[in-house]
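Written below as structure tokens is the structure these notes are about.
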Amino acid sequence: MTRPAPALLKGAAALVAAALVLLNLGALGAVAWRAEGGAGWGAADWAALRFTLWQAFLSAVFSVALAIPVARALARRRFPGRGALIVLMGAPFILPVLVAVIGLLAVMGRNGLLNDLLALAGLPRLSIYGLQGVVLAHVFFNLPLAVRLLLQGWARIPAEHLRLAAALGFGARARFRHVEGPMLARVVPGALAVVFLICLTSFAVALTLGGGPRATTLELAIYQAFRFDFDLGRAAMLAAVQAGIGLAALLLLARLTLPEGRIAGLDRDAPPPPGGLSRVTDALAIGASALFLLVPLAMVLIRGLPWLGDLSAGVWWAALRSVATAALSTALLGVFAGVLTLMALTRRWPEALGMAALTASPLVIGTGLFLIVNPWVDPAHLALPVTALVNAAMALPFALRALLPAARRAEADFARLSASLGLSMAAHARLVLWPRLRRPAGFALGLGAALSMGDLGVIVLFAQTGGETLPMQMHRLMGAYRSGESAGAAVLLLALSLGAFVALERIVGGRHADT
13 MTRPAPALLK
23 GAAALVAAAL
33 VLLNLGALGA
43 VAWRAEGGAG
53 WGAADWAALR
63 FTLWQAFLSA
73 VFSVALAIPV
83 ARALARRRFP
93 GRGALIVLMG
103 APFILPVLVA
113 VIGLLAVMGR
123 NGLLNDLLAL
133 AGLPRLSIYG
143 LQGVVLAHVF
153 FNLPLAVRLL
163 LQGWARIPAE
173 HLRLAAALGF
183 GARARFRHVE
193 GPMLARVVPG
203 ALAVVFLICL
213 TSFAVALTLG
223 GGPRATTLEL
233 AIYQAFRFDF
243 DLGRAAMLAA
253 VQAGIGLAAL
263 LLLARLTLPE
273 GRIAGLDRDA
283 PPPPGGLSRV
293 TDALAIGASA
303 LFLLVPLAMV
313 LIRGLPWLGD
323 LSAGVWWAAL
333 RSVATAALST
343 ALLGVFAGVL
353 TLMALTRRWP
363 EALGMAALTA
373 SPLVIGTGLF
383 LIVNPWVDPA
393 HLALPVTALV
403 NAAMALPFAL
413 RALLPAARRA
423 EADFARLSAS
433 LGLSMAAHAR
443 LVLWPRLRRP
453 AGFALGLGAA
463 LSMGDLGVIV
473 LFAQTGGETL
483 PMQMHRLMGA
493 YRSGESAGAA
503 VLLLALSLGA
513 FVALERIVGG
523 RHADT
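According to the working numbering, the sequence shown is numbered sequentially starting from 13.
Put into structure tokens, the structure is as follows:
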């Protein structure tokens, strides 16, 4: 049963829809219009296009391939701290990109732990820069996501199938062929497409670990056209191509993400996990992935904590600007997500509108907005509000994915009772929906704040000296080879991002909120 939306909600939805349409279509329209006057497509642009697709392909393949044994091990093993380990393994998705990059450099950089060990053994040092560094960083970020997606697939295998396989004496090969293989055939293509789409629009990784003619992505080429050449026509042309590739990847994702088949099961206890060699390989998979993901974060703390007291005033001012930007972005995200969630209970268009941000990256949207405002006002004056607005729009798809399922379940269970009691829409939202949306809302807002705190997309196009956020200030410190201060700034950014996530999830979500 559905109830009509009140006039106030309809008005708010119209304003939100207008803002998002102008933000997305307006920015993309400006990019398309200016791209017509851009310079011709040259050899360097073809090289950037090829590198963008190649690094995204390699990143997706390695992330998902490495995630398969890790997810299988976590699915069939139970040990103390398993839940905490799964949560910690998801930390790279929340952390700012530059923080993780500094951790990877501390382990695998020129003077990192790995190269120091190689030097002690008399072996040549390895370089993390270029294609190998970009792919390595993308695997670091996306391996936990791929593990989560594959774990969901393993969780859908009925325990009866596993018990029957054990009763029939299936070995590892037969069990994979008849039980695990069909599940992976449904889940893996979607996981590959998700990681591929994420890596297509990765800017900070390419900015710090890429560069050079052979390791330049389209997004990095857009930035270079802005900062070094101020060739707005070429930047717009590159942004239009990037947007087209992103849209094609999104359509591919929708095509490859197949729905899970309904497999009947009684959810009885699964049989004991296999022992022997399987126990060893599972332990190795879990241990190696945990070291790969957690050691770089530990190195950030080890190297950065001693420098916290020596950070310059510029770093602290940049941190304050980051906090202000994240606060504004989170407030906008709360308004956008709340209004669209309520409207999506009776309409289909709000969900599609909120998901439209996936069609373009923040850098592409920022390019369009820069082209729109540049003739009228100095873009540097709008750096922080524009960054907050774009960050809110980019986090909106994640927020809706968290809120809409819970809202629709609550509406299906209680809408008829609420209507029979004569509750208004406001009372229904306060008494029925909010208690069931509180926890996903806390997670969504916390995630939005953390992502905004660490963003290095739009701000690099708009901000000038004196208007940097903390990630932009960190990048400048890294470029000036001030590794100690950049490590201290990384610890500060890590604390602010995780603090914002935990605080909002606890304050908004509550400790005992209903699921």
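Idealized CB from N, CA, C, for every residue including glycine.
Excluding residues up to 5 positions away in sequence, SER430 lie with their Cβ nearer than 6 angstroms to the Cβ of HIS440 in the same chain. The beta-carbon distance between SER301 and MET120, rounded to whole angstroms, is 16 angstroms. This is too long to meet the 8 angstroms contact definition. HIS393 counts as exposed, since fewer than 16 other beta carbons sit within 10 angstroms of its beta carbon. Collapsing the DSSP output to three states places PHE242 in coil.
Scanning its chain for C-beta atoms nearer than 6 angstroms, with the 5 sequence neighbours on each side dropped, one finds around LEU70 the residues VAL147, in chain order. In this structure, SER75 and LEU155 form a Cβ contact; the two beta carbons are roughly 5 angstroms apart against a cut-off of 8 angstroms. Collapsing the DSSP output to three states places TRP361 in a helix.
If you look at HIS393, you'll find it isn't in any alpha helix (DSSP H); DSSP assigns it neither H nor E. Assignment of GLY521 by DSSP, reduced to helix, strand and coil, places it in the helix class.
The alpha carbon of ALA349 has as its nearest neighbour, out of ILE98, ILE471, SER373, ALA407, the alpha carbon of ALA407. Here DSSP, grouped into helix, strand and coil, assigns PRO387 to coil. Of the candidates LEU250, GLY115, LEU125, LEU250 places its Cα closest to the Cα of ALA44.
In this structure, ALA499 keeps its C-beta atom at 9 angstroms or more from the C-beta atom of VAL217. Rounded to the nearest whole angstrom, the CA to CA distance from VAL402 to ALA338 is 11 angstroms.
Minimum Cα-Cα distance from LEU345 among the listed residues LEU370, LEU306, LEU230, PHE410 corresponds to PHE410. Note on PRO391: 16 or more other CB atoms within 10 angstroms of its CB, so buried under the neighbour-count rule.
Between GLY478 and the set PHE238, SER214, VAL327, the nearest pair of CA atoms involves VAL327.
For LEU143, the enclosing alpha helix (DSSP H) starts and ends at 143 to 167.
In this structure the segment 483 to 499 does not touch the segment 84 to 94; the number of beta carbon pairs closer than 8 angstroms is below three.
CA-CA distance, ALA205 to LEU161, rounds to 12 angstroms. The Cβ atoms of GLY466 and VAL111 lie closer than 9 angstroms to each other. In chain order, PHE215, LEU219, LEU375, VAL472, LEU473 place their CB closer than 8 angstroms to the CB of TYR235, counting only its own chain and leaving out the 5 sequence neighbours on each side. For ALA29, the CB contacts under 7 angstroms within the same chain, skipping 5 residues up- and downstream, are LEU365 in chain order. With contacts defined as CB atoms closer than 9 angstroms, THR481 and LEU396 qualify as a contacting pair. DSSP places TRP53 in the coil class of the three-state scheme, outside both helix and strand.
Taking all protein chains in view, the Cβ of ASN123 is surrounded by fewer than 16 other Cβ atoms within 10 Å, so the residue is classified as exposed. Spatial neighbours of CYS211 in its own chain (CB-CB distance under 6 angstroms, excluding positions within 5 residues in sequence) are listed in chain order as ALA68, SER71, HIS150. When C-alpha distances from ILE384 are compared across LEU463, GLY38, ALA19, ILE257, the shortest belongs to GLY38.
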